[in-house]
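Numbering (my numbering), first residue to last: 61 to 147. Working notes, structure below.
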């Protein structure tokens with residue numbers, strides 16, 4: 061699946077307003093509060109549990125890496141995209 065097709069699928073699940081792709085709109089999600097940062101294809105913001113399930117299902121089927129983010133404190137750098145995830 062191409063990135064454009066994947067992003068279109070995300071938009072069909074959560075709506076275009078909730079799929080962020082621009083550098084400026086995704087910056088606060090790609091950088092930790094204290095440290096850590098990296099690149100991301102998109103930030104997807106589901107509004108319901110059903111949307112979350114559909115997003116996760118689509119990501120798994122498209123072989124995309126998922127990084128869940130909560131407070132983004134940067135204490136462990138676990139909520140920001142950084143480094144290689146594939147062996």
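Yeah, the Cβ is synthetic: ideal placement off N, Cα and C, and Gly gets one too.
Among the candidates 62, 67, 61, whose CA atom is the shortest distance from the CA of residue 115?
Of the listed residues, the one whose Cα sits closest to residue 115 is 67.
In the DSSP assignment, the alpha helix (DSSP H) including residue 100 goes from what residue to what residue?
Element bounds for residue 100: n/a, residue is neither H nor E.
Among 63, 62, 84, 71, whose alpha-carbon lies nearest the alpha-carbon of residue 112?
Looking at the Cα atoms, 71 is the closest of the given residues.
Can you grab the Cα-Cα spacing for the pair residue 121 / residue 95, in whole Å?
Going by the C-alpha atoms only, they are around 31 angstroms apart.
For residue 63 and residue 101, I'd like the C-alpha separation in whole angstroms.
Near 8 angstroms, if we compare the C-alpha coordinates of residue 101 and residue 63.
Output the distance between the C-alpha atoms of residue 107 and residue 85, rounded to the nearest integer angstrom.
Computed Cα separation, rounded: 18 angstroms.
Rank 61, 91, 82, 77 by C-alpha distance to the C-alpha of residue 105 and give the top, closest one.
Per the Cα distances, 77.
For residue 93 and residue 65, what's the separation of their Cα atoms in angstroms?
The straight-line gap from Cα to Cα measures roughly 31 angstroms.
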